[in-house]
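Novice: Below are the structure tokens for one structure; questions will follow.
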């Protein structure tokens with residue numbers, strides 16, 4: 307690996323370590339090559355997300371996203387070399403040469419962020435599911451391009467679907483965690499039909515719940531949906547090699563425990579950002595490396611669904 311490419315990867319790893327501590331806990335379990343590639347994917351994805359979440363006008367955001375999509379096209383066609391001035395582009399281009407990464411997933415991410423820019427509401431779960439597939443399911447499929455599946459894995463053709471589903475589970479957990487923060491920016495991602503079912507308004511302004519609304523019931527309903535997505539998504543784990551499986555188990559395990567924290571106290575999401583303490587994240591990472599945490603939760607959830 308040339309010094310220029312190595313420097314580009316180091317830049318992406320610095321971005322990842324600073325901006326995504328949950329993600330960083332997982333990818334540190336990977337061998338260097340896969341860790342570099344995952345950092346490049348994260349850094350590019352973070353750039354797209356930051357455009358959507360920034361303070362630019364809607365028109366300026368669309369223009370920036372169009373420029374970013376054009377850069378992705380140059381990466382995909384191999385025209386970005388190691389002498390490019392953008393370290394994220396250099397790292398992602400190198401990762402795409404080393405691994406069968408389906409870069410079209412990053413096009414889907416841009417599509418999802420454009421939905422945010424237009425302020426789209428989601429009437430049904432299927433509507434929200436389409437958004438989640440763009441902004442999170444696609445990341446699962448991109449990651450699978452780096453991880454690969456073990457030779458002879460049973461039902462390996464289902465791996466992209468499981469990776470996609472696990473991404474949906476993480477995104478729905480994010481949506482529940484960020485209800486208060488999103489409300490303050492005028493966003494409500496939960497399906498309008500679900501909000502109505504529990505007597506909540508289409509937009510939870512300032513995270514205020516009107517008298518008579520069953521907010522706890524709403525959260526528990528969405529938690530049940532997320533649990534089912536996790537249970538299906540965890541079917542991916544036996545298809546991965548030990549260290550890739552540990553990475554996924556650690557990242558998903560952190561979010562799965564976060565989901566249970568929300569389930570125990572649904573009103574906590576209205577008081578502030580729910581998070582796991584650092585020592586619990588480290589514990590989940592260790593259990594992921596041992597192949598314990600996510601698999602045991604998946605088995606428990608599976609039994610619960612069959613009853």
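Numbering (the working numbering), first residue to last: 307 to 613. Even glycine gets a Cβ: it sits at the ideal position worked out from N, Cα and C. For clarity, every value in this text was computed on a predicted model and none was experimentally measured.
#1: Assuming residue 542 and residue 462 make a contact with CB atoms under 8 Å, what is their CB distance in whole Å?
#2: Let me know the secondary structure DSSP gives residue 263 once reduced to three states.
#3: Pull up the distance between the alpha-carbon of residue 550 and that of residue 341, whole angstroms please.
#4: To the nearest angstrom, report how far apart residue 488 and residue 335 are at their CA atoms.
#5: Excluding five sequence neighbours on each side, which residues of the same chain lie with their C-beta closer than 6 Å to the C-beta of residue 347?
#6: Put residue 342 into one of helix, strand or coil per three-state DSSP.
#7: With DSSP collapsed to three states, give me the class of residue 422.
#8: Using 8 Å as the threshold, is the region 525-536 in touch with the region 307-318, meaning 3 or more CB pairs across them?
#9: Go ahead and label residue 458 buried or exposed: buried means 16 or more other beta carbons lie within 10 angstroms of its beta carbon, across all protein chains shown.
#10: If you draw a straight line from the C-alpha of residue 380 to the C-alpha of residue 387, how long is it?
#11: On the CB-based measure, 16 or more other CB atoms within 10 Å of its CB, does residue 373 come out buried or exposed?
#12: Rounded to whole angstroms, what's the CA-CA distance from residue 343 to residue 472? Just pull it up for me.
#13: I'd like the list of long-range same chain contacts for residue 399, defined as Cβ closer than 7 Å, with 5 residues on each side in sequence excluded.
#14: Quick one: what's got a C-beta closer than 8 Å to residue 428's C-beta in the same chain, skipping five residues either side?
#15: Contact defined as beta carbons within less than 8 Å: I believe residue 349 pairs with residue 394. What is the distance between those atoms, to the nearest angstrom?
#16: Kindly list the residues whose CB is nearer than 8 Å to the CB of residue 417, restricted to its own chain and excluding five residues on each side of it in sequence; keep chain order.
#17: In terms of residue numbering, what span does the alpha helix (DSSP H) encompassing residue 508 cover?
#18: Could you check what DSSP says for residue 334 in three-state terms: helix, strand or coil?
#19: Find the nearest neighbour of residue 538 within the set 526, 564, 468 and 582, judged by alpha-carbon distance.
#20: Please report the distance separating the alpha-carbon of residue 534 from that of residue 377.
#21: Are there any heavy atoms of the ligand MG lying less than 7 Å away from the beta-carbon of residue 522, as far as the coordinates show?
#22: Starting from residue 453, trace the alpha helix (DSSP H) in both directions and tell me its first and last residue.
Specialist: Working from what's here:
#1: Taking the first residue of the chain shown as 1, we reach residue 542 at position 236. Taking the first residue of the chain shown as 1, we reach residue 462 at position 156. That pair is no contact at about 10 Å.
#2: Not covered by the structure: residue 263. The range shown for the chain is 307 to 613.
#3: By 1-based counting over the chain shown, the position of residue 550 is 244. By 1-based counting over the chain shown, the position of residue 341 is 35. About 10 Å.
#4: Stepping through the chain shown from its first residue, residue 488 is reached at position 182. Stepping through the chain shown from its first residue, residue 335 is reached at position 29. Approximately 32 Å, taken between the alpha carbons.
#5: Here residue 347 refers to the residue found at position 41 of the chain shown. The residues are 448.
#6: Position 36 of the chain shown, counting from 1, holds the residue named residue 342. In the structure shown, residue 342 sits in a helix (DSSP, three-state: H, G or I).
#7: Here residue 422 refers to the residue found at position 116 of the chain shown. Helix, per DSSP.
#8: no
#9: Counting from 1 along the chain shown, the entry for residue 458 is found at position 152. Of the other Cβ atoms in all chains shown, fewer than 16 fall within 10 Å of the Cβ of residue 458; this residue is therefore exposed.
#10: What you label residue 380 is simply residue 74 of the chain shown in a count that begins at 1. What you label residue 387 is simply residue 81 of the chain shown in a count that begins at 1. Going from the Cα of residue 380 to the Cα of residue 387 covers about 10 Å.
#11: Position 67 of the chain shown, counted from the first residue, corresponds to residue 373. Residue 373 comes out exposed.
#12: In the chain shown, counting from the first residue as 1, residue 343 sits at position 37. In the chain shown, counting from the first residue as 1, residue 472 sits at position 166. If you take the alpha carbons of residue 343 and residue 472, they lie about 20 Å apart.
#13: Stepping through the chain shown from its first residue, residue 399 is reached at position 93. Closer than 7 Å at the Cβ level, and outside the excluded window around residue 399, lie 381 and 386.
#14: The residue given as residue 428 occupies position 122 in the chain shown. Contacts found: 434, 437, 495, 496, 497 and 498.
#15: Residue 349 sits at position 43 when you count from the first residue of the chain shown. Residue 394 sits at position 88 when you count from the first residue of the chain shown. Between residue 394 and residue 349 the Cβ distance is about 5 Å, and since that is below 8 Å, they are a contact.
#16: For the purposes of this step, residue 417 is taken as residue 111 along the chain shown, with counting starting at 1. Taken in chain order, the residues that qualify are 440.
#17: Residue numbering aside, residue 508 sits at position 202 when the chain shown is read from its first letter. Neither: residue 508 is in no alpha helix (DSSP H) and is coded neither H nor E.
#18: Counted from its first residue, the chain shown places residue 334 at position 28. Three-state result, residue 334: coil.
#19: Counted from its first residue, the chain shown places residue 538 at position 232. By alpha-carbon distance to residue 538, the top candidate from 526, 564, 468 and 582 is 468.
#20: Residue numbering aside, residue 534 sits at position 228 when the chain shown is read from its first letter. Residue numbering aside, residue 377 sits at position 71 when the chain shown is read from its first letter. Going by the C-alpha atoms only, they are around 37 Å apart.
#21: Absence of the ligand MG is noted for the structure shown, with no ligands found whatsoever.
#22: Stepping through the chain shown from its first residue, residue 453 is reached at position 147. Here the alpha helix (DSSP H) through residue 453 covers 444-453.
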